[in-house]
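Residue numbers (UniProt numbering): 1 to 506. From the three backbone atoms N, C-alpha and C, an ideal C-beta is built for every residue, glycine too. No experiment lies behind these values; they were computed from the predicted model shown. Working notes, beginning with the structure itself.
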């Protein structure tokens, strides 16, 4: 059968010289990134991935497929993670020159996972099931390997849609599977209406309708505890300025004391207290007095010997620290230098956390009791990105409690992508989330991923919001990513075996 005009166009594009073909793949990758927050153009993600799948199907050999995947991934991550330049612009005179190198290095590095996925899919025959399974495994590898960085998965484009409901069944990897299935099916429908492709698109449409119909209703009991969210809006370039520290601290004190009604819990954001824990006694007294005996959760830093920790502290009614949680999943190169402690054995101590150079990681996930509110799983900033950090809780909590300082992420895309992933964590676990961010977006998130009464990005303020009720453990809460990983590996193995049998001995 002769190729359709669409197929012929893809074949011509794939046959272009690398200097033309690879930039084209990068552009399609950038198009696919438009589904990420704040743009939320999920059809662009499906269209961009469909175009990349078209180039992939017309590419011969795993090496060329790997190069195509790398170019596509570089374009995708360059746009999706463009916020990574923001931390270097806080002190632009000293660090601004690093911004382009950080973006290029991170985009090109993460694109290696896509390169591996494209190469693996081509080695397994290059058909749609192999393409989907290989890229799902590539995104899983990006989630877990080298401390992990699952930010901006293709499936995150569906967080703002009714497909989000299905994350309670299979997590982010299931959403990525649905996205890739839609892209490959769309391509096959455009090249000639084939029953499997049409059936796939109809099934995806049914899942969207089902997600709307099966989405759990809002459930906030009449006697639900009320939580006050405090957003001081301290820009990063002023946050640690001695002239501005009292302004932001007094702003939080004022927000804590305001209102005729007292909430059941007050939450301040990450590193909201400008003193170390062992010196914070008078500060805690001032906070407790403003709170009027209401328990307060806040972020601050603490020191133990020479080690520094990024911590969350729960204050009881008297202003005494009743629980301390230390962040355990740290940001590489941002909060610590990988292998810094080992380098000390070679006489290089400038990067050793045990010498106070960077943060040290805490012992791991834990659940803390907040009297009058319930049991909470604390998460500090970056930890809300990882489904495995939530799944590591030693017992099921009543809520997720995320404090963060998103001032590092700027005002364009980073804070909104971080918020979107918080919604995903709530749906995966069937738990409400209290999310308090320094510059926003602070909000309550219910177990269905709804954002309740947010404080907009870049504004100071406070909200009193009743805590939604948790739902029973979801299937994903019980199994995690294991079923999706096993299914993707099985499909890829079957594709590889079939392709080798069909190809015969070489």
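Assign residue i to one of two classes, buried (16 or more other C-beta atoms within 10 Å of its C-beta) or exposed (fewer than that).
i           : result
residue 183 : buried
residue 327 : buried
residue 92  : exposed
residue 214 : exposed
residue 222 : exposed
residue 95  : exposed
residue 293 : exposed
residue 153 : buried
residue 1   : With a pLDDT of only 48 at residue 1, under the threshold of 50, the placement of this residue in the model should not be trusted, and no figure is reported.
residue 333 : exposed
residue 502 : exposed
residue 259 : exposed
residue 588 : The displayed coordinates of the chain run from 1 to 506. Any statement about residue 588 would go beyond what the structure contains.
residue 132 : buried
residue 418 : buried
residue 165 : buried
residue 384 : buried
residue 36  : buried
Less than 8 Å separating the beta-carbons of residue i and residue j?
i           : j           : result
residue 467 : residue 415 : no
residue 135 : residue 163 : no
residue 181 : residue 204 : yes
residue 460 : residue 231 : yes
residue 401 : residue 390 : no
residue 195 : residue 50  : no
residue 159 : residue 423 : yes
residue 105 : residue 138 : no
residue 68  : residue 55  : yes
residue 173 : residue 140 : yes
What residues match up with residue i in a beta bridge as DSSP calls it?
i           : result
residue 528 : One cannot answer for residue 528 here, as it falls past the ends of the chain, which runs 1 to 506.
residue 359 : 308
residue 369 : 375
residue 483 : Bridge partners of residue 483: none, in fact.
residue 442 : 455
residue 315 : 296 and 321
residue 158 : Looking at the DSSP assignment, residue 158 forms no beta bridge with any residue, so it has no partner.
residue 231 : 461
residue 488 : Partner(s): none; residue 488 has no beta bridge.
Grouping DSSP H, G and I as helix and E and B as strand, with all else coil, what is residue i?
i           : result
residue 69  : helix
residue 221 : coil
residue 450 : coil
residue 323 : strand
residue 60  : coil
residue 146 : helix
residue 184 : helix
residue 465 : strand
residue 412 : coil
residue 253 : helix
residue 350 : Residue confidence for residue 350 is low, a pLDDT of 45 falling below 50, so the modelled location carries little weight; the figure read from the coordinates is stated next. Coil.
residue 87  : helix
residue 427 : helix
Compute every distance between the C-beta of residue i and the non-hydrogen atoms of the ligand ZN, then say whether any falls below 7 Å.
i           : result
residue 181 : No copy of the ligand ZN appears in this structure; indeed no ligand is present at all.
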